[in-house]
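Residue numbers (our numbering): 363 to 570.
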């Protein structure tokens with residue numbers, strides 16, 4: 363956790379207000395109802411952003427957006443990201459960030475609703491690729507990810523979860539590319555598609 367605090371301080375400063383904001387964000391990422399969308403995911407996204415940093419126009423804005431992109435998490439896709447963008451805007455404004463930086467971070471958080479950045483949106487491409495890099499893990503890593511996602515939706519019945527999850531996987535597989543940066547496509551596209559297809563086959567088999 364100290365390393366995450368250090369990374370936050372580099373982005374937001376070391377004063378008491380910035381420190382309090384960082385502690386608030388870390389508290390959110392460690393809420394007990396989170397399984398996948400937890401502090402380990404924050405670390406993984408920040409690490410992936412570092413791997414893709416050369417593709418970004420403003421990598422610090424991307425890093426800030428990574429801190430905020432799931433800061434509000436109640437299992438309501440779309441609503442959670444919109445609430446996270448509002449939190450980013452309020453918190454960064456309170457810390458004295460430049461309005462342009464605040465606008466960009468909030469915009470990037472909203473890009474993660476669909477993970478479909480516009481052509482030429484280098485920062486959106488980096489953030490989306492970093493957020494989806496988990497899809498390209500080893501079979502064991504992907505299985506752990508899928509299990510944690512299921513735990514995040516523990517309130518949903520098995521049948522409803524399987525139907526909803528299958529629809530998400532189908533939409534992803536229908537895309538011409540899952541990743542938007544050259545590095546992301548080269549490193550992660552093939553294993554991610556394999557993992558998604560495997561999960562989809564298992565979901566369909568379980569429902570048949």
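We put the beta carbon where it would ideally sit given N, CA and C, even for glycine.
In whole angstroms, what is the alpha-carbon distance linking residue i and residue j?
i, j, result
"residue 335", "residue 379", "Residue 335 falls outside the range modelled here, since the chain spans only 363 to 570, and no answer is possible."
"residue 529", "residue 486", "24 Å"
"residue 446", "residue 520", "28 Å"
"residue 449", "residue 430", "8 Å"
"residue 501", "residue 534", "18 Å"
"residue 443", "residue 567", "32 Å"
"residue 457", "residue 510", "33 Å"
"residue 514", "residue 560", "21 Å"
"residue 372", "residue 508", "32 Å"
"residue 512", "residue 505", "11 Å"
"residue 518", "residue 364", "35 Å"
"residue 451", "residue 474", "16 Å"
"residue 503", "residue 370", "27 Å"
"residue 483", "residue 409", "20 Å"
"residue 386", "residue 477", "26 Å"
"residue 375", "residue 523", "41 Å"
"residue 455", "residue 462", "10 Å"
"residue 377", "residue 459", "13 Å"
Rounded to the nearest angstrom, how far is the Cβ of residue i from that of residue j, given a contact under 8 Å?
i, j, result
"residue 540", "residue 551", "6 Å"
"residue 405", "residue 384", "Contact doesn't hold; Cβ gap of about 14 Å is too wide."
"residue 407", "residue 493", "6 Å"
"residue 498", "residue 554", "4 Å"
"residue 565", "residue 527", "6 Å"
Does the Cβ of residue i lie closer than 7 Å to at least one heavy atom of the ligand COA?
i, result
"residue 474", "As presented, the structure is devoid of all ligands, the ligand COA included, so that no description of it is given."
Measuring alpha carbon to alpha carbon, tell me which of the options ends up nearest residue i.
i, options, result
"residue 488", "386, 424, 472, 438", "424"
"residue 546", "474, 419, 490", "490"
"residue 453", "414, 478, 439, 426", "426"
"residue 496", "374, 365, 411", "411"
"residue 479", "526, 527, 418, 502", "418"
"residue 525", "457, 403, 416, 563", "563"
"residue 415", "504, 549, 543", "543"
"residue 439", "472, 374, 403", "472"
Any contact between the region 386-396 and the region 424-441? By contact I mean 3 or more CB pairs, one from each, below 8 Å. yes
Are the region 463-478 and the region 396-407 touching, with three or more C-beta to C-beta distances below 8 Å? no
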